[in-house]
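Reading the sequence shown from the start, the letters are residues 51 to 126 in the working numbering. Every residue, glycine too, gets a C-beta built ideally from N, C-alpha and C. Note that the structure is a prediction, hence the values are computed from the model and not measured.
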Amino acid sequence: EHGAIGMTFGAADYAHDIRLACYGLDRDDNDFVIGLIGKDLFPLSAVVQAMRKTQQTSLYLDRLGPFFVGRKVEKQ
Numbered sequence: 051e052h053g054a055i056g057m058t059f060g061a062a063d064y065a066h067d068i069r070l071a072c073y074g075l076d077r078d079d080n081d082f083v084i085g086l087i088g089k090d091l092f093p094l095s096a097v098v099q100a101m102r103k104t105q106q107t108s109l110y111l112d113r114l115g116p117f118f119v120g121r122k123v124e125k126q
């Protein structure tokens, strides 16, 4: 489910993800963090909301988040 949602948003160039290994980074010992990258904020929010509704999220993930928002700053 997540793969199909991600590929749909990625093919339209709305959202792309980066997975970073983070074993032992926090007390919950998460395996990785995911960075979502896109030109606009709304599609990034929409992909998270779409994934929240999936069976994969409800069965295998205890929680999603925290979420951070940032912008790329270009050098002049």
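- [ ] Consider the Cβ of Cys72: report whether some Cβ of chain C lies at a distance smaller than 8 Å.
- [x] This model lacks chain C altogether; it includes just one protein chain.
- [ ] Assign Val97 to one of two classes, buried (16 or more other C-beta atoms within 10 Å of its C-beta) or exposed (fewer than that).
- [x] By the Cβ-count criterion, Val97 is buried, with 16 or more other Cβ atoms from all chains shown falling within 10 Å of its own Cβ.
Open item on the list: Taking only three categories from DSSP, how would you classify Gly60?
Closed with: Gly60 sits in a helix when the DSSP states are folded into three classes.
TODO: Could you tell me which residues DSSP pairs with Leu70 in its beta bridges?
DONE: Listed as beta-bridge partners of Leu70 by DSSP are Val83.
Open item on the list: Tell me the DSSP secondary structure of Arg77 in three-state form.
Closed with: Correct three-state label for Arg77: coil.
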